[in-house]
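Read the structure below first, then the notes.
Protein chains in written order, with the working numbering: chain A, 2 to 481; chain B, 2 to 201.
This is the structure:
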């Protein structure tokens with residue numbers, strides 16, 4: 002049995018990321034479960050407003066921010082930190098540097114989210130959406146984000162490559178952007194409507210500078226990787242990157258269309274939102290042209306299935322967002338469940354699905370154990386994919402009706418509530434499917450952590466350890 | 002791709018910082034020149050305590066505090082008050098403009114519902130005042146009593162809530178705690194129907 006030298010150094014590099022990546026993934030997955038349970042309770046409360054209504058910590062208005070903050074700062078952020086740390090060693094072709102900082106970062110992220118969640122349930126919210134965490138919580142997350150970025154930047158500086166792949170562009174931008182954005186948003190210099198502007202500049206930019214670059218970095222890496230051909234056009238990916246950076250940072254104020262802010266401010270954001278068509282189409286063409294002729298691989302690769310679902314959702318959610326920002330549509334769908342559907346198309350159908358796909362790829366390479374029970378992976382995929390589609394469809398249609406009824410002064414306001422009831426129930430069913438799928442995922446993930454479950458043959462990168470640790474390992478077969 | 006790292010870093014910093022300056026600092030300067038409207042009163046201590054409860058219980062996730070102009074939604078036809086302007090929010094920190102209307106806009110709820118009784122009954126059980134409502138109840142802002150004395154209640158800043166018979170637990174009366182009354186005071190104070198300068 003022989004392993005090629007470049008494979009050996011890659012295994013070494015991969016191995017250097019094992020500890021931090023597992024820490025980020027495992028705790029992220031735990032927050033996903035907690036955050037989703039919060040979310041589902043919130044969803045059912047729309048249909049059963051008295052349910053769990055006697056306990057202050059379980060009231061709608063406390064669970065709702067607990068849900069949002071847990072899934073974005075707990076699940077999505079920790080998962081993407083894990084993906085970034087792993088991609089950093091792959092793309093810089095070196096071992097992970099300042100690893101200790103990553104452990105400290107992971108601990109601080111988790112403490113920040115834990116403390117923040119407890120305080121939100123106790124009613125100590127800072128009051129602005131996406132920025133609800135109390136002071137100590139955001140300070141802990143600041144420390145975590147800065148330390149994380151330092152380690153990634155150090156690894157980047159020690160890179161052993163001339164070619165800087167597009168994923169690395171997004172990733173390096175994200176690790177510079179996010180700590181800065183996070184601190185700027187928390188500066189105590191805003192009040193009144195300016196604070197609303199900074200609030201929504203932040204909330205939208207959290208996607209611009211953190212979650213979307215992570216999703217795109219992963220999609221740009223895994224699609225070509227899994228199908229084994231280079232990305233269609235480097236040139237296009239660069240246009241995509243810079244137009245993204247230029248336009249996306251200006252989008253946030255479209256959340257205040259029709260509100261009491263200077264008109265020019267809202268117009269700037271609406272224009273920037275529409276200009277987002279350029280980077281989005283650039284990315285969509287690039288990914289699609291890379292995939293052409295290889296769609297058959299969706300059947301065999303769970304990673305690809307999740308990532309392609311995510312990449313298509315990215316195109317969909319971005320185009321929807323551009324149109325949503327336009328006044329004519331905003332008049333109807335602003336202030337309605339439509340926006341909640343849009344948010345889940347972004348953070349779930351796009352970001353979360355890509356994180357799932359990435360974890361399916363990365364885990365076997367760091368724990369040296371193949372995913373047991375491929376059927377369960379399929380079940381996971383279909384439950385969450387259909388669940389989020391149902392969720393999105395219900396909220397979108399329900400939201401349009403809600404908006405039309407709300408804007409019809411001949412109808413009493415309560416009609417705009419009544420009309421959404423069946424759609425809210427459908428959303429809860431979609432949400433239940435998503436949670437169920439995630440429970441399957443968490444079960445599989447736990448098996449992987451402890452290298453349990455049915456043994457499956459490993460490709461060469463895992464064979465040595467698999468042979469050593471598993472009596473049934475068909476060593477001859479795998480060391481091809 | 003070949004990357005000029007210093008240029009990349011400058012580009013990344015510039016795209017974020019210029020947008021930040023353009024979207025928050027510039028409007029901040031523009032708005033800092035605005036004087037508070039003559040009719041806008043600063044919050045009382047009680048209203049501020051109520052506002053903190055509004056934040057604590059997450060009212061913002063279902064209620065906006067901004068009224069839209071004619072030609073943009075039906076706020077004006079629903080009589081929710083004149084379109085709000087930046088000056089109306091000069092005393093607000095944190096701002097509570099909101100982005101959701103599962104329930105109605107509250108920017109002028111004090112003008113539409115000036116009665117403390119109405120607000121207290123509504124907070125105790127939203128369906129007692131608003132049939133079909135899907136708002137949650139807030140029982141921890143209230144106490145149940147079998148007997149009470151008006152003097153003791155008054156000394157504590159509490160009062161009996163005239164909850165309709167069918168929503169009362171049998172044999173009991175519902176007492177509004179000071180928290181419930183603070184929140185009601187804040188809601189009643191949400192009244193921005195004063196005229197703006199130049200519009201009489």
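Yeah, the Cβ is synthetic: ideal placement off N, Cα and C, and Gly gets one too.
The structure presented is a predicted model; accordingly, all values stated were derived computationally and were not measured.
What three-state label does DSSP hand residue i in the structure shown?
i, result
"residue 145 of chain B", "strand"
"residue 223 of chain A", "helix"
"residue 336 of chain A", "strand"
"residue 101 of chain B", "strand"
"residue 195 of chain B", "coil"
"residue 190 of chain A", "coil"
"residue 277 of chain A", "coil"
"residue 136 of chain B", "coil"
"residue 472 of chain A", "Reliability fails at residue 472 of chain A, whose pLDDT of 40 lies under 50, so the model's placement of it is uncertain and no value is given."
"residue 111 of chain A", "helix"
"residue 39 of chain B", "coil"
"residue 162 of chain A", "coil"
"residue 233 of chain A", "coil"
"residue 106 of chain B", "coil"
"residue 49 of chain A", "coil"
"residue 264 of chain A", "helix"
"residue 295 of chain A", "coil"
"residue 77 of chain B", "coil"
"residue 169 of chain B", "coil"
"residue 328 of chain A", "helix"
"residue 420 of chain A", "coil"
According to the neighbour-count rule (16 or more other Cβ atoms, all chains shown, within 10 Å of its Cβ), is residue i buried or exposed?
i, result
"residue 1 of chain A", "Any property of residue 1 of chain A remains undetermined from this structure, which presents chain A solely from 2 to 481."
"residue 108 of chain B", "buried"
"residue 288 of chain A", "buried"
"residue 284 of chain A", "buried"
"residue 164 of chain A", "exposed"
"residue 9 of chain A", "exposed"
"residue 194 of chain A", "buried"
"residue 356 of chain A", "buried"
"residue 250 of chain A", "buried"
"residue 151 of chain B", "exposed"
"residue 89 of chain B", "buried"
"residue 33 of chain B", "exposed"
Taking the alpha-carbon positions, what's the residue i to residue j distance?
i, j, result
"residue 230 of chain A", "residue 72 of chain A", "34 Å"
"residue 153 of chain A", "residue 260 of chain A", "40 Å"
"residue 406 of chain A", "residue 364 of chain A", "48 Å"
"residue 329 of chain A", "residue 338 of chain A", "17 Å"
"residue 39 of chain A", "residue 451 of chain A", "27 Å"
"residue 173 of chain A", "residue 179 of chain A", "10 Å"
"residue 208 of chain A", "residue 214 of chain A", "8 Å"
"residue 379 of chain A", "residue 368 of chain A", "21 Å"
"residue 348 of chain A", "residue 98 of chain A", "30 Å"
"residue 372 of chain A", "residue 444 of chain A", "11 Å"
"residue 376 of chain A", "residue 383 of chain A", "11 Å"
"residue 408 of chain A", "residue 4 of chain B", "51 Å"
"residue 105 of chain A", "residue 148 of chain A", "8 Å"
"residue 18 of chain A", "residue 94 of chain A", "12 Å"
"residue 52 of chain B", "residue 37 of chain B", "20 Å"
"residue 129 of chain B", "residue 146 of chain A", "48 Å"
"residue 2 of chain A", "residue 169 of chain A", "Its pLDDT being 48, under 50, residue 2 of chain A is placed unreliably in this model, and the value from its coordinates should be taken loosely. Distance between the alpha carbons of residue 2 of chain A and residue 169 of chain A is about 34 Å."
"residue 54 of chain B", "residue 422 of chain A", "28 Å"
"residue 173 of chain B", "residue 141 of chain B", "16 Å"
"residue 438 of chain A", "residue 431 of chain A", "11 Å"
To which residues does DSSP link residue i through a beta bridge?
i, result
"residue 26 of chain A", "Residue 26 of chain A pairs with nothing; no bridge assigned."
"residue 175 of chain B", "B:145 and B:162"
Any heavy atom of the ligand SAM inside 7 Å of the beta-carbon of residue i?
i, result
"residue 225 of chain A", "The ligand SAM is absent from the structure shown, which contains no ligand whatsoever."
Nearest by alpha-carbon distance to residue i: which of the options is it?
i, options, result
"residue 517 of chain A", "A:341, A:225, A:432 and A:265", "Outside the shown range of chain A, which is 2 to 481, sits residue 517 of chain A, and nothing can be said about it."
"residue 72 of chain B", "A:454, A:258 and A:15", "A:258"
"residue 10 of chain B", "A:118, A:157 and A:52", "A:157"
"residue 143 of chain A", "A:314, A:110 and A:255", "A:110"
"residue 113 of chain A", "A:155, A:254, A:315 and A:134", "A:134"
"residue 137 of chain A", "A:321, A:17, A:128 and A:116", "A:116"
"residue 82 of chain A", "A:48, A:131 and A:176", "A:176"
"residue 389 of chain A", "A:351, A:35 and A:90", "A:351"
"residue 360 of chain A", "A:57, A:234, A:220 and A:272", "A:220"
"residue 101 of chain B", "B:65, B:183 and B:162", "B:65"
"residue 274 of chain A", "A:327, A:417 and A:160", "A:327"
"residue 265 of chain A", "B:17, B:123, B:24 and B:16", "B:24"
Between residue i and chain D, is there a C-beta pair that is closer than 8 Å?
i, result
"residue 263 of chain A", "This model lacks chain D altogether, as its protein chains are A and B."
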